[in-house]
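Residue numbers (the numbering used here): 3 to 368.
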Ligand SMILES: NC(=O)c1ccc[n+]([C@@H]2O[C@H](COP(=O)([O-])OP(=O)(O)OC[C@H]3O[C@@H](n4cnc5c(N)ncnc54)[C@H](O)[C@@H]3O)[C@@H](O)[C@H]2O)c1
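Next up, the structure:
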């Protein structure tokens, strides 16, 4: 198979979908890998390292999109990339289609085979290709949230951990999954007062067990969310309904009732956001104020730390990528339930139910 790795073009996105050791793995399995020049530069990987691993370096995105059987990316295709799509191309990347109808329609029209990293799901319900980025986003959310609370950012001027004689900040985390529990670890490590809400008693019990008495866990429902959010200095949204749009847990009215100059960090913005006043921002201009609350809603947070993120991501994506290349699409998905769940679109039809439901469109599962 010919594998294509373009340079990412989303604003401030410096991750790359394959590292030199991944190239070497594809090449050793008999495949050819086309890497766009400078694709790895933002992650500290020079072209020479790819060449040494056996890749063919190509100028510009054209040859990658034209010649590859499978394009491996990080973010969804954008702008000129949409025009380069063609029937039968395997597009293996984050897609987040349930919150993007225009992209869904374009991919259907182009008849690509869209395999979304975020819906590949193991039998225990976990999402192995979302996990490493959720770890990064969860950990980073506290760092960014602390920055939002600084006076120069328009925040209340509160130090997350407080100091002796001064109370720490109240951090409220919605969702005790991968991102939420990683945020919890860092926030506790920075000395904040942390409350975590989830609808899963098992998740709350687990987090309570491993964190000892250092956090409060609260069942997620409308009344408890209202009580906690109005007391918070920093609210971190980290919920997920796999493959579906994020549930809107914090209404605009509730944001109006938050403390002045408090902060919201909606990690779930890539799935449409769990806070009604959240809209996607970019690393160039990540924050805005609404109802006297600082909002940070970057949809590709791991892009801020591309070296860590690129290696964490490619550790998780490589195995499925190799299976697709070695066995071909049909045999690879037939032999792997987790990978089959990643297939969102094929031959002009939606194959993933939650995406079809999001837009009231028909679904024909594989
Ligand atoms: N912005 C970014 O750059 C970025 C990066 C990585 C992940 N994400 C997003 O972060 C979110 C969380 O991902 P994750 O890997 O932690 O998911 P996860 O499945 O591990 O955890 C999600 C948690 O949300 C909980 N939940 C669902 N509905 C809830 C509700 N009504 N109230 C409270 N909790 C509820 C679930 O029980 C689960 O524990 C996702 O939307 C994901 O797409 C964003």
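Cβ atoms here follow ideal geometry from the backbone N, Cα and C, with glycine treated the same way.
- Annotated three-state conformation of residue 200 is strand, per DSSP.
- With a beta-carbon spacing of about 6 Å, residue 151 and residue 236 fall inside the 8 Å limit used to define contacts.
- Per DSSP, reduced to three states, the secondary structure at residue 281 is coil, with no helix or strand assignment.
- In the structure shown, residue 291 falls within a strand segment according to DSSP collapsed to helix, strand and coil.
- Taken in chain order, the unbroken stretches of alpha helix (DSSP H) that lie wholly in the region 324-362 and span 4 residues or more are 331-336, 339-344 and 355-361.
- Put simply, the backbone Cα of residue 348 is about 11 Å away from that of residue 365.
- Excluding five sequence positions before and after residue 47, the CB atoms of its chain that fall closer than 7 Å to its own CB belong to 18, 21 and 22, given in chain order.
- Here the alpha carbons of residue 287 and residue 207 stand approximately 37 Å from one another.
- Residue 106 sits in a helix when the DSSP states are folded into three classes.
- With a cutoff of 9 Å on beta-carbon distance, residue 195 and residue 171 are scored as near each other.
- If you draw a straight line from the Cα of residue 326 to the Cα of residue 35, it comes to about 14 Å.
- Contiguous beta strand (DSSP E) elements confined to the region 124-212 occur at 172-176 and 195-200, taking only those with 3 or more residues.
- Put simply, of 30, 87 and 353 the residue whose alpha carbon is nearest the alpha carbon of residue 121 is 353.
- Taking one beta carbon from each stretch, the region 86-100 and the region 115-129 have 3 or more pairs nearer than 8 Å; the two touch.
- By the CB criterion at 9 Å, residue 37 and residue 66 fall inside the cutoff.
- Between the alpha carbons of residue 59 and residue 69 lies a gap of roughly 13 Å.
- Closer than 8 Å to some heavy atom of ligand 1: that does not describe the Cβ of residue 229.
- Considering only 133, 268, 203 and 234, the residue with the shortest C-alpha distance to residue 197 is 234.
- With fewer than three CB-CB distances shorter than 8 Å, the region 213-228 does not count as touching the region 270-290.
- Taking a C-beta distance under 9 Å as the contact criterion, residue 308 and residue 16 qualify as a contact pair.
- Here the distance from the Cβ of residue 201 to the nearest heavy atom of ligand 1 is below 8 Å.
- In this model, residue 291 and residue 45 are separated by some 31 Å (Cα to Cα).
- In the DSSP assignment, residue 231 falls within the alpha helix (DSSP H) that extends over 224-233.
- Exclusion of the five residues before and after residue 205 leaves 178 as the residues of its chain whose Cβ lies within less than 6 Å of its Cβ.
- Within the same chain, 22, 25 and 26 come within 6 Å of residue 55 by CB-CB distance, once the 5 residues on both sides are set aside.
- Between residue 318 and residue 131 a beta carbon distance of about 5 Å is seen, short of the 8 Å cut, so the two are scored as contacting.
- As DSSP reads the structure, residue 58 sits in a beta bridge with 36.
- Classified as exposed, residue 126 has fewer than 16 neighbouring CB atoms from the shown chains inside 10 Å of its CB.
- Counting C-beta pairs with one atom in each stretch, the region 263-273 and the region 239-249 have three or more that are closer than 8 Å, which means they touch.
- Taking residue 61 as the centre and dropping the five residues before and after it, the same chain places the C-beta of 39 closer than 7 Å to its C-beta, in chain order.
- Within a 10 Å sphere around the beta-carbon of residue 301 sit 16 or more other beta-carbons, which makes this residue buried.
- Within its own chain, the residues whose Cβ lies closer than 8 Å to the Cβ of residue 83, once the five positions on either side in sequence are excluded, are 8, 11, 63 and 67, listed in chain order.
- 192 is the residue among 137, 192, 143 and 142 whose C-alpha sits nearest the C-alpha of residue 161.
- Taking C-beta atoms as the reference points, residue 73 and residue 32 fail to come closer than 9 Å.
- Looking at the DSSP output, residue 74 sits in a beta bridge with 94.
- Residue environment: residue 212 is assigned as exposed (fewer than 16 neighbouring CB atoms within 10 Å of its CB, all protein chains considered).
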